[in-house]
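Inspection log for the structure reproduced underneath, given as structure tokens.
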Ligand SMILES: Cc1cc2nc3c(=O)[nH]c(=O)nc-3n(C[C@H](O)[C@H](O)[C@H](O)COP(=O)(O)OP(=O)(O)OC[C@H]3O[C@@H](n4cnc5c(N)ncnc54)[C@H](O)[C@@H]3O)c2cc1C
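In the working numbering, the protein residues as written are 35 to 475.
Encoded structure:
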């Protein structure tokens, strides 16, 4: 009998796994996809919000594509239990799906600040397509939008909110914006930039309650200075979708603990993406990296192993990149490692900032920001990521970078970093041309 693969979750990790199974398998297998939502990309929702793409463009596979890939689907249904002894997954309508191996790729969900009124009308999360529809329907030109939380996700939708003609206030409980993405210096520069572009920012500000007043929201703040908003967006974090696995016996820490092949503690159960706790490229410890590149790579490595290949994953790199009001802001790897050797440079008038972190002569992390119109900002973002990702030995270029943290290009070229990144894909083989395969990977 053909092997039966079950994919639970049709987001980035799940869809990459399906593609890779079809790409790598030597005998045609049976693939079943169970997903609470139709396959789409969360990462493009900001472009749907600012109306630069139509809703149809967020989907990553239509019913026809899934049929062409010969995938049996249970869409709009949730997995509610996994019996890893009997190899059966139960769905919310009672359907039982048997498998030979399965991939858990159920991602994460938005969490709201636990304050009275957080679930009231006019208060939104922005994580799913449904939630994006809700926000889009509410924002009018001139609306006052208050965003609670100044983390990465808040910053991915900031431009879209402004482009709809709304007035924006950002409230952050931590002493600085982007507290898990950049340091104090970087955060100070970004905050000033936003304020110059008309965005009000309150840091160290604790929301205590939301009331409805004449069809608007009054936000009570612990230190006073209440805010009145037309729309409130809670960008206050996410949690992995794991509750349904309580009785599965699969080992769970912050996420489903996986080995270098993306296998969980049950050998025929894999996990990938936001829900998985896999190896970190820099620290080599296990961690949850709830970002798109990790979901893609996890999905591909898990898919290849499910298709019978033996692929080891070298680990995922933290990559945070946002652009706000034409300022590029990024951090990579161990950007906040207190033990690392560091060098930094600031040009407050641009503003531009670089912070580089080393272990020995290898870069293990970086922070970079600068105006998008400065061509070297954009180039440096890619080159810094390459230097951290490749872990290339910098030799004497380390001293050069320490003295000149803005001169990334020379070190990147001289150390032949491109050459070390190009030869093979994450599956440990050269790229294949489109046409040879169902998709170019
Ligand atoms: C607005 C926004 C912007 C973002 N921008 C970026 C960015 O710029 N860069 C970046 O790196 N990352 C970004 N991300 C994060 C990125 O989208 C996620 O890391 C990525 O989607 C994770 O992929 P995944 O496959 O693990 O999970 P998801 O894409 O969340 O997919 C999970 C799937 O599982 C389904 N599911 C959940 N529970 C069940 C269940 N019990 N049974 C069946 N199905 C279930 C869900 O419906 C969904 O289809 C952004 C996210 C958002 C919301």
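Ideal Cβ positions, reconstructed from N, Cα and C, are used throughout, including at glycine.
Judging by CA-CA distance, which residue of the options is the nearest neighbour of residue i?
i, options, result
"residue 119", "159, 133, 330 and 140", "133"
"residue 250", "300, 156 and 223", "156"
"residue 400", "313, 376 and 129", "376"
"residue 149", "243, 295 and 91", "243"
"residue 101", "64, 79, 127 and 80", "64"
"residue 455", "435, 418, 444 and 439", "418"
"residue 207", "363, 235 and 435", "235"
"residue 318", "279, 302, 339 and 423", "423"
"residue 121", "127, 300, 54 and 462", "300"
"residue 453", "433, 410, 430 and 425", "425"
"residue 446", "460, 429 and 62", "429"
"residue 386", "223, 75, 297 and 356", "223"
"residue 349", "295, 433, 450 and 84", "295"
"residue 196", "181, 185 and 152", "181"
"residue 432", "463, 248, 378 and 112", "378"
"residue 116", "434, 81, 305 and 147", "305"
"residue 37", "209, 341 and 112", "341"
Which one or two residues does DSSP pair with residue i in a beta bridge?
i, result
"residue 356", "363"
"residue 320", "313"
"residue 39", "65 and 135"
"residue 113", "125"
"residue 268", "182"
"residue 391", "376 and 399"
"residue 158", "267"
"residue 246", "251"
"residue 273", "143"
"residue 234", "203"
"residue 262", "252"
Looking at ligand 1, does it come within less than 7 Å of residue i, judged from the CB to the closest heavy atom?
i, result
"residue 307", "yes"
"residue 79", "yes"
"residue 320", "no"
"residue 112", "yes"
"residue 173", "no"
"residue 124", "no"
"residue 366", "no"
"residue 76", "yes"
"residue 331", "no"
"residue 71", "yes"
"residue 494", "As displayed, the chain neither begins before 35 nor continues past 475, which places residue 494 out of reach and without an answer."
"residue 422", "no"
"residue 197", "no"
"residue 43", "yes"
"residue 275", "yes"
"residue 357", "no"
"residue 281", "no"
"residue 298", "no"
"residue 47", "yes"
"residue 93", "no"
"residue 191", "yes"
"residue 142", "yes"
"residue 294", "no"
From what residue to what residue does the alpha helix (DSSP H) around residue i run?
i, result
"residue 414", "409 to 424"
"residue 206", "No alpha helix (DSSP H) holds residue 206; DSSP gives it neither H nor E."
"residue 326", "326 to 340"
"residue 171", "163 to 172"
"residue 384", "Unbroken run through residue 384: none, as it is neither H nor E."
"residue 150", "Looking at the DSSP string, residue 150 is not in any alpha helix (DSSP H), and its letter there is neither H nor E."
"residue 442", "442 to 448"
"residue 455", "451 to 455"
"residue 99", "97 to 102"
Can you check whether the CB of residue j is closer than 8 Å to the CB of residue i?
i, j, result
"residue 268", "residue 158", "yes"
"residue 73", "residue 35", "no"
"residue 361", "residue 227", "yes"
"residue 335", "residue 310", "no"
"residue 329", "residue 307", "yes"
"residue 273", "residue 260", "no"
"residue 368", "residue 402", "no"
"residue 255", "residue 276", "no"
"residue 374", "residue 398", "yes"
"residue 439", "residue 390", "yes"
"residue 284", "residue 303", "yes"
"residue 92", "residue 105", "no"
"residue 414", "residue 442", "yes"
"residue 46", "residue 338", "no"
"residue 480", "residue 205", "Examination of residue 480 is not possible in this model, given that the chain is present from 35 through 475 alone."
With respect to the beta strand (DSSP E) encompassing residue i, which residues constitute its N-terminal and C-terminal limits?
i, result
"residue 461", "Where residue 461 is concerned, there is no enclosing beta strand (DSSP E), given that its DSSP letter is neither H nor E."
"residue 405", "396 to 405"
"residue 54", "Where residue 54 is concerned, there is no enclosing beta strand (DSSP E), although the alpha helix (DSSP H) it sits in stretches over 46 to 58."
"residue 433", "No beta strand (DSSP E) holds residue 433; the alpha helix (DSSP H) holding it covers 431 to 437."
"residue 304", "303 to 305"
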